[in-house]
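Trainee:
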């Protein structure tokens, strides 16, 4: 079943201890949709400028991504540049040029409106809300946010996530949103804001899924080399929603409390972790130029092997 | 089967955001032996001064800990005081008075020499080596160390761990010992130094077990309140060795590569994590005054529930 992905398509300048690249394809919508495309038909809603390269469009097409909602307008594509610390655990933004993204007002093609799965990348909460309202018959909707919206657009954000099924954020954002340092308490407060499912991402340490009164914890995959972590969180989101769409998981249809649903959500978190780990293996989206579904499933099995006891 | 535990018995002054206590029972040997005592007969080798309180001795006796190797000498017991940061992730040592521990030279009672399991708490590497040499017929021996020995007693430490079956250290120590930031690379270098089994502890994020060419990762238990993390790493060690002793795991007897051994080591890591998590629930060793084996096994089952997919 198909997934609608909304967010930024961007060009990135990235500097890591392994080297630097400029103007490579990036943006939350790009990473989410590439990761999700391995599991389910994926449709994007985004905006690019007239500098958007044919070969970058082609990468999305090669992954079967539906570009009917990709708006092209005069001007330049969103540009972001950042540099990572030696241990890759911190990054500093060097430049953010919103360009055509400054006026982004996501409009859904008619062919998107009845898609059952929706994931909203990190954009202004009111825009996220506007997209959700354009859709009909959703089985599962949710998304991501960031410290900037939590801090300065709090009311708008709370109004937006109230209707979400799931929220994916990192641990520092969870702390900021809840006002609780402890992850378990933070989760309880966030679940009271609306979403019944919360995934707190912990970078190299993995992620925790909270679903009503249960939780599931996955450790991070141990890579021998983290080449470039840009987009890993978005690829996690793509693997997560992609797997749920592939399986046709329907949280609205009454099997909400079942053990099988908890297991499907846990597996979605594993596939999210798998996609995040592959993302780190090369610069930008490069790993997805060659990645095969068989490699994804093999890594899923690895997660089983190193967590089972 | 019985376990010999060597290390410090101390009095601690601890300040956390939850309050402060002074001169409460502590020390690596104390924590390791209390945790191990839930699984297997435990014998300690340590030194205390004439200020060592009868009630503190009684707590160990109540847990069936063999005190034949607890030396009592004139003077004061080792004293340590520290204060934790607000998020509990850092601590600052305020005071270290070695007192009678300064001249500690562990001597094993004859009744200890043929015990099959040995765990060496964090003391000077040459003393750790001396203990190991006094034992005969060991099935499994290993221990802990710390940044001080890694930095200033490196050769002595390397000579000591060469003969160990397992080494338990935290992530920053693993990085320091190996010179590698990446955990997987660090582990490969450390396994080449002698031990076939390495556990890297990651605080609230859990632990990673490396055993030859396999690894196993356990996430940390999510506590709603970390009351006092003092001794958690030592309790991990106690649960780890205790479980292996309870099961009679014998790494010398040829089934070294078997899947079942890998599973036993993984379960030992889970029991270690369980004991570490209980330790954090109250000041010092207080949680062990009431803790029951049934609670330990229930938490083991919880680990299964929140990691299975």
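Chains as they are written, first to last, in my numbering: chain A, 65 to 373; chain C, 65 to 373. Note that the Cβ used here is the ideal one computed from N, Cα and C, for glycine as well. This one's a predicted model, so the numbers in the text were calculated from it and none came from an experiment.
Go ahead and pull the three-state DSSP assignment for residue 265 (chain C).
Mentor: strand
Trainee: Can you give me the C-alpha to C-alpha distance between residue 208 (chain A) and residue 251 (chain A), rounded to a whole angstrom?
Mentor: 15 Å
Trainee: Compute the Euclidean distance between the alpha carbons of residue 167 (chain A) and residue 90 (chain A), then round it to the nearest angstrom.
Mentor: 19 Å
Trainee: Flag this pair as touching only if the stretch 116-124 of chain A and the stretch 68-76 of chain C have three or more C-beta atom pairs under 8 Å; answer yes or no.
Mentor: no
Trainee: If residue 183 (chain A) and residue 206 (chain A) are in contact, beta carbons under 8 Å, what's the gap, nearest whole angstrom?
Mentor: That belief holds up - the Cβ atoms of residue 183 (chain A) and residue 206 (chain A) are roughly 7 Å apart, short of 8 Å.
Trainee: Just the chain C side, please: which residues come within less than 7 Å of residue 371 (chain A) by C-beta, in chain order?
Mentor: 281, 371
Trainee: What does DSSP give as the partner residue(s) for residue 130 (chain C) in the beta ladder?
Mentor: C:107
Trainee: Please state whether DSSP places residue 305 (chain A) in a helix, a strand or coil.
Mentor: Helix, per DSSP.
Trainee: Among C:286, C:256, C:278, whose alpha-carbon lies nearest the alpha-carbon of residue 270 (chain C)?
Mentor: C:286
Trainee: DSSP three-state label for residue 176 (chain C), please.
Mentor: The answer is helix: DSSP assigns residue 176 (chain C) an H, G or I state.
Trainee: Name the chain A residues whose beta carbon is nearer than 8 Å to that of residue 12 (chain C)?
Mentor: In the structure as shown, chain C starts at 65 and stops at 373, and residue 12 (chain C) therefore has no counterpart that could be examined.
Trainee: On a Cα-Cα basis, can you pick out the residue from C:350, C:348, C:341, C:282 that is closest to residue 329 (chain C)?
Mentor: C:282
Trainee: Could you say which of A:164, A:103, A:368, A:302 lies nearest to residue 310 (chain A) if we only look at CA atoms?
Mentor: Comparing Cα positions, the closest option is A:103.
Trainee: Buried or exposed, going by whether 16 or more other CB atoms sit within 10 Å of the CB of residue 83 (chain C)?
Mentor: exposed
Trainee: So the alpha helix (DSSP H) residue 340 (chain A) belongs to, where does it begin and stop?
Mentor: 323-343
Trainee: Can you tell me the Cα-Cα spacing of residue 225 (chain C) and residue 257 (chain C), whole angstroms?
Mentor: 7 Å
Trainee: Cα separation between residue 116 (chain A) and residue 164 (chain A)?
Mentor: Near 11 Å, if we compare the C-alpha coordinates of residue 164 (chain A) and residue 116 (chain A).
Trainee: How many Å lie between residue 146 (chain C) and residue 297 (chain C) at the Cα?
Mentor: The alpha-carbon atoms of residue 146 (chain C) and residue 297 (chain C) are separated by roughly 16 Å.
Trainee: Go to residue 242 (chain A), then tell me how far its alpha helix (DSSP H) extends in each direction, as first and last residue.
Mentor: Residue 242 (chain A) -> alpha helix (DSSP H) spans 235-242.
Trainee: Give me the chain A residues within the contact set of residue 330 (chain C), using Cβ-Cβ distance strictly less than 7 Å, ordered along the chain.
Mentor: Going along chain A in sequence order, the residues near residue 330 (chain C) (Cβ under 7 Å) are 373.
Trainee: Using a Cβ cut-off of 8 Å, pull out every chain A residue sitting near residue 334 (chain C), in sequence order please.
Mentor: Using a Cβ-Cβ cut-off of 8 Å, residue 334 (chain C) is close to 373 of chain A, given in chain order.
Trainee: Identify, in the order they occur along the chain, each residue of the same chain with its Cβ nearer than 8 Å to the Cβ of residue 384 (chain C), setting aside the five sequence neighbours on each side.
Mentor: Any answer about residue 384 (chain C) is impossible in this case: the structure gives chain C only from 65 up to 373.
Trainee: Pull the bridge partners of residue 213 (chain C) from the DSSP assignment, please.
Mentor: Partner(s): none; residue 213 (chain C) has no beta bridge.
Trainee: Would you please verify whether the beta carbon of residue 346 (chain A) is less than 8 Å from any beta carbon of chain C?
Mentor: no
Trainee: So, is residue 322 (chain A) buried or exposed, given that buried needs 16 or more other C-beta atoms within 10 angstroms?
Mentor: exposed
Trainee: For chain C, is any of its Cβ atoms less than 8 Å away from the one on residue 289 (chain A)?
Mentor: With 8 Å as the cut-off, residue 289 (chain A) counts as an interface residue toward chain C.
Trainee: Give me the subset of the stretch 69-83 of chain A whose CB atoms are less than 8 Å from a CB atom of chain C, sorted by chain position.
Mentor: none
Trainee: Please confirm if the stretch 340-353 of chain C is in contact with the stretch 343-350 of chain A, defined as three or more CB-CB distances below 8 Å between the two stretches.
Mentor: The stretch 340-353 of chain C, when compared against the stretch 343-350 of chain A, does not touch it at the 8 Å Cβ threshold.
Trainee: List the DSSP bridge partners of residue 80 (chain A).
Mentor: A:83
Trainee: Can you name the residues that DSSP bridges to residue 145 (chain C)?
Mentor: C:77, C:159
Trainee: Any C-beta of chain A within less than 7 Å: which residues of the stretch 239-255 of chain C qualify?
Mentor: 245, 246, 247, 248, 249
Trainee: I'd like to know whether the C-beta of residue 151 (chain C) is nearer than 8 Å to at least one C-beta of chain A.
Mentor: yes
Trainee: Considering residue 187 (chain C), what are the terminal residues of the alpha helix (DSSP H) in which it resides?
Mentor: Careful: residue 187 (chain C) lies outside any alpha helix (DSSP H) and carries neither H nor E.
Trainee: Within the continuous alpha helix (DSSP H) that includes residue 363 (chain C), where are the two ends?
Mentor: First-last of the alpha helix (DSSP H) with residue 363 (chain C): 357-371.
Trainee: With a threshold of 8 Å between beta carbons, is residue 148 (chain A) in contact with chain C?
Mentor: no
Trainee: What are the boundary residues of the beta strand (DSSP E) that includes residue 271 (chain C)?
Mentor: 271-275
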